[in-house]
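Using full-length UniProt numbering, you'd call the opening residue of the sequence shown number 247 and step up by one each time. We treat Cβ as the ideally placed atom computed from N, Cα and C, and that holds for glycine.
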Amino acid sequence: EGERALAEDTSPGATADGHPVALLANVGTVDDIERLGPSAAEGVGLFRTEVLFLDAVRAPSREQQTPVYAHAFAAAKGARTVVRTLDAGADKPLAFATQEDEENPALGVRGYRLVRTLPELLEEQLAALGEATRALPAADRAQVWVMAPMISTPEEARIFARLARAHGIETVGAMIEVPAAALRADAILAEVDFVSLGTNDLAQYTMAADRLDGALTDLLDPWQPAVLSLVAATARAGTATRKPVGVCGESASDPLMALVLTGLGVTSLSMSAPALPAVRHALRHHPLSQCRAMAEAALSAPTAPQARQAALTLTAPEV
Ligand code: PEP
Ligand code: MG
247 EGERALAEDT SPGATADGHP VALLANVGTV DDIERLGPSA AEGVGLFRTE VLFLDAVRAP
307 SREQQTPVYA HAFAAAKGAR TVVRTLDAGA DKPLAFATQE DEENPALGVR GYRLVRTLPE
367 LLEEQLAALG EATRALPAAD RAQVWVMAPM ISTPEEARIF ARLARAHGIE TVGAMIEVPA
427 AALRADAILA EVDFVSLGTN DLAQYTMAAD RLDGALTDLL DPWQPAVLSL VAATARAGTA
487 TRKPVGVCGE SASDPLMALV LTGLGVTSLS MSAPALPAVR HALRHHPLSQ CRAMAEAALS
547 APTAPQARQA ALTLTAPEV
């Protein structure tokens, strides 16, 4: 198969034996969604809304935000659109939401935690998302999924879910990117409709290694067995509750990792759009049982390189 044939394949993501794995795109702007067109993406798995406001000096009002989300939902044409509420702080500084004097911004008031200092920020955003959602045809409303970043406890998930539902959002979720959340994924899933693993931050916090520190890339490797264990625990909780568990960190764009994530029980993979065709192709050539064997082999490896090698050894020869 040539690269062109690969790129033109827009069939839904599935393993060789037909087990579905939704293949979604990570986006940061409405333009990104429009560019997806009739492409490989079955929807948007991560809409990083903070990207919309990187240059804003003041917090955007509900009135400013509503048309942006309405435009985004129109561009998605009824496909699933997973919107993440503002993830400001640490590596994502926003002028109107970042505390200057934090000693350890990655461990500070970032993501959902901003509700402690700037509760109106989340209120205004959820109000705008709710308004844009209600303007959609009834059949499309449940396709807008809204999740909070940096959730650490089931109680945070509960408060977020209550707030989001009060604004008319039907499908509410939490990101799992803090080890505490992965370890209590069952209790978090009792509060929300879905979760999505952010493997970039999950690796950072599991390995206590700054994701921006180029000297620590070996520790930040998503193949670290400790990170895989937390992904496995989260996926198990999803399987037990029959609720979706996605991955929207960069690791999903590695076809070999995508197979392992599928084997662990992850139900959707979201990545930068250009990575989708290779992941679809890899899935198509491996039945779920083989993905599971790869996942088990990776989980029992002692190091990250050995985890990757263990999975690689079990791939189909033609891929
Ligand atoms: C992640 O942490 O893996 C994630 C998807 O979010 P971000 O990279 O935007 O922090
Ligand atoms: Mg993150």
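query, result
"Compare the C-beta of residue 306 against all C-beta atoms of chain D and say whether one is closer than 9 Å.", "Absent from the structure: chain D. Only one protein chain is present."
"What residues sit near the ligand PEP, counting only those whose C-beta is closer than 6 Å to one of its heavy atoms, in chain order?", "292, 294, 333, 423, 444, 445, 446, 447, 494, 495"
"Looking at C-alpha atoms only, which residue of 385, 512, 329 is the closest neighbour of residue 538?", "512"
"On the criterion of 16 or more Cβ atoms from any shown chain inside 10 Å, does residue 303 qualify as buried, or is it exposed?", "exposed"
"Can you list, in chain order, the stretches of the beta strand (DSSP E) that have 3 or more residues and sit fully within the stretch 501-553?", "514-517"
"Quick check on residue 446: does DSSP put it in helix, strand or coil?", "helix"
"Measure the CB-CB distance between residue 406 and residue 388 and report whether it falls below 9 Å.", "no"
"Evaluate the contact criterion for the stretch 340-359 versus the stretch 277-286: three or more CB pairs, one atom per stretch, below 8 Å.", "no"
"Can you say whether residue 549 is buried or exposed, counting buried as having 16 or more other CB atoms within 10 angstroms of its CB?", "exposed"
"Alpha carbon to alpha carbon, what distance is there between residue 461 and residue 540?", "29 Å"
"Mapping the DSSP letters down to three states, classify residue 419 as helix, strand or coil.", "strand"
"Output needed for residue 308: all residues of its chain with C-beta closer than 6 Å, excluding positions within five of it in sequence on either side, in chain order.", "370, 373, 374"
"Can you find the residues in the same chain that come closer than 6 Å, C-beta to C-beta, to residue 524, ignoring five residues on each side of it along the sequence?", "501"
"Using the rule of at least 16 other Cβ atoms within 10 Å of the residue's Cβ for burial, across every protein chain shown, is residue 546 buried or exposed?", "exposed"
"In chain order, which alpha helix (DSSP H) runs of at least 4 residues are fully inside the stretch 462-494?", "471-487"
"Using 10 angstroms around the beta-carbon of residue 398, count the other beta-carbons present and answer buried if the total reaches 16, otherwise exposed.", "buried"
"Which residues share a DSSP beta bridge with residue 335?", "338"
"Apply the 10 Å Cβ neighbour rule to residue 497 and answer buried if 16 or more other Cβ atoms are within range, or exposed otherwise.", "buried"
"Taking just the CA atoms, how far does residue 426 sit from residue 487?", "19 Å"
"Would you be able to state if there are at least three C-beta pairs under 8 Å between the stretch 318-332 and the stretch 290-303?", "yes"
"Is residue 421 near the ligand MG, judged by its Cβ being under 8 Å from some heavy atom?", "yes"
"Given a cut-off of 9 Å on the beta-carbon distance, is the pair residue 475 and residue 494 in contact?", "no"
"Among 560, 283, 453, 465, which residue has its Cα nearest to the Cα of residue 506?", "560"
"Run the proximity test for residue 339: is its beta-carbon closer than 8 Å to any non-hydrogen atom belonging to the ligand MG?", "no"
"Quick one: is residue 508 buried, meaning 16 or more other Cβ sit within 10 Å of its Cβ, or exposed?", "buried"
"Which word fits residue 264, buried or exposed, when buried means at least 16 other C-beta atoms lie within 10 angstroms of its C-beta?", "exposed"
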